[in-house]
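Engineer: There's a structure below that I have some questions on.
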Amino acid sequence: KWAVSASYDQTLKLWDIETGQEIRTFSGHTGGVGAVEFSPDGKWIASASVDQTLKLWEAATGRMVQTYRGHAQSVRDVVFSPDGKWILSSSEDQTLKLWEVATGRELRTFRGHAGAIRDLGFSPNGRLVVSASEDQTLRLWDVETGKLVRTLSGHVKAVREVVFSPDGRWILSGSEDQTLKLWEVAT
3 KWAVSASYDQ TLKLWDIETG QEIRTFSGHT GGVGAVEFSP DGKWIASASV
53 DQTLKLWEAA TGRMVQTYRG HAQSVRDVVF SPDGKWILSS SEDQTLKLWE
103 VATGRELRTF RGHAGAIRDL GFSPNGRLVV SASEDQTLRL WDVETGKLVR
153 TLSGHVKAVR EVVFSPDGRW ILSGSEDQTL KLWEVAT
């Protein structure tokens with residue numbers, strides 16, 4: 003029933019899908035907001051900003067609940083784990099960070115890309131994370147250990163989009179090289 007939008011005017015907006023009317027504006031970032039995501043249960047909204055922070059908002063009230071600090075440059079993307087317990091963020095600082103939603107505590111940092119990370123996603127079971135970077139690669143990570151599982155190479159320009167298939171067996175990536183590539187997770 004709701005949609006949320008991000009804006010470089012430093013706000014988020016919550017919209018009623020049926021009427022198209024704005025419900026509320028969320029203010030609190032000090033830089034443009036480039037990504038937003040609902041939690042799986044729809045109670046929370048996470049936002050990522052060029053102000054180097056993520057914020058957690060209560061969707062129903064617009065109350066800012068938590069600010070997550072730790073990236074050294076703009077935060078590009080944010081996604082909730084399938085169970086809603088964690089938030090994963092990506093940044094221009096070439097890292098991914100895993101955060102505990104309930105406490106705001108940073109649990110781990112994933113390092114290995116040689117360019118800004120543009121997109122990321124959890125596998126449907128929440129055990130793996132994939133990241134897409136300007137370094138022309140995708141990287142598959144083990145969430146529990148933080149270790150790199152595999153680097154997927156084949157694009158010749160920055161990788162902008164990445165998504166797991168619903169069954170978790172495949173990853174689809176899109177690049178500035180004007181190609182889509184389908185990768186098998188198990189190989």
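Basically this note's numbering = 1-based index in the sequence shown + 2.
No residue lacks a Cβ here, since even glycine has one placed at the ideal position from N, Cα and C.
Sorted by chain position, which residues of the same chain lie with C-beta nearer than 8 Å to Glu20's C-beta, five sequence neighbours on each side aside?
Structural biologist: Hits under 8 Å: Lys3.
Engineer: Leaving out five residues on either side along the sequence, give the residues of the same chain with a beta carbon under 8 Å from the beta carbon of Asp85.
Structural biologist: These residues qualify, in order along the chain: Pro42 and Gly128.
Engineer: To the nearest angstrom, report how far apart Thr63 and Lys57 are at their CA atoms.
Structural biologist: One C-alpha to the other measures close to 14 Å.
Engineer: For a quick check, are the C-beta atoms of Asp179 and Arg120 less than 8 Å apart?
Structural biologist: Their beta carbons are not under 8 Å apart, which means Asp179 does not touch Arg120 by this criterion.
Engineer: For Lys159, I'd like the list of residues in its chain whose CB is within less than 7 Å of its CB, leaving aside the five on either flank, ordered along the chain.
Structural biologist: Answer for Lys159: Gln138, Ser177, Glu178 and Asp179, listed in chain order.
Engineer: Give the range of the beta strand (DSSP E) segment to which Gly123 is assigned.
Structural biologist: Gly123 -> beta strand (DSSP E) spans Ile119 to Phe124.
Engineer: Using the rule of at least 16 other Cβ atoms within 10 Å of the residue's Cβ for burial, across every protein chain shown, is Glu60 buried or exposed?
Structural biologist: Exposed is the call here.
Engineer: Tell me whether Arg141 is buried or exposed, calling it buried when 16 or more other Cβ atoms sit within 10 Å of its Cβ.
Structural biologist: By the neighbour-count rule (16 or more Cβ atoms within 10 Å), Arg141 is buried.
Engineer: Nearest-angstrom Cα distance between Gly72 and Gln54?
Structural biologist: So the alpha carbons of these two residues sit roughly 8 Å apart.
Engineer: Go ahead and label Gln96 buried or exposed: buried means 16 or more other beta carbons lie within 10 angstroms of its beta carbon, across all protein chains shown.
Structural biologist: With 16 or more Cβ atoms within 10 Å of its Cβ, Gln96 is classed as buried.
Engineer: Taking 8 Å as the cut-off, decide whether the C-beta atoms of Gly106 and Gln68 are in contact.
Structural biologist: Yes.
Engineer: I'd like the list of long-range same chain contacts for Lys149, defined as Cβ closer than 8 Å, with 5 residues on each side in sequence excluded.
Structural biologist: Here the set comprises Trp143.
Engineer: Would you kindly report the start and end of the unbroken beta strand (DSSP E) that includes Ser49?
Structural biologist: From DSSP, the beta strand (DSSP E) with Ser49 extends over Trp46 to Ser51.
Engineer: Buried or exposed: where does Ser7 fall if 16 or more other Cβ atoms within 10 Å of its Cβ makes it buried?
Structural biologist: With fewer than 16 other Cβ atoms within 10 Å, it is exposed.
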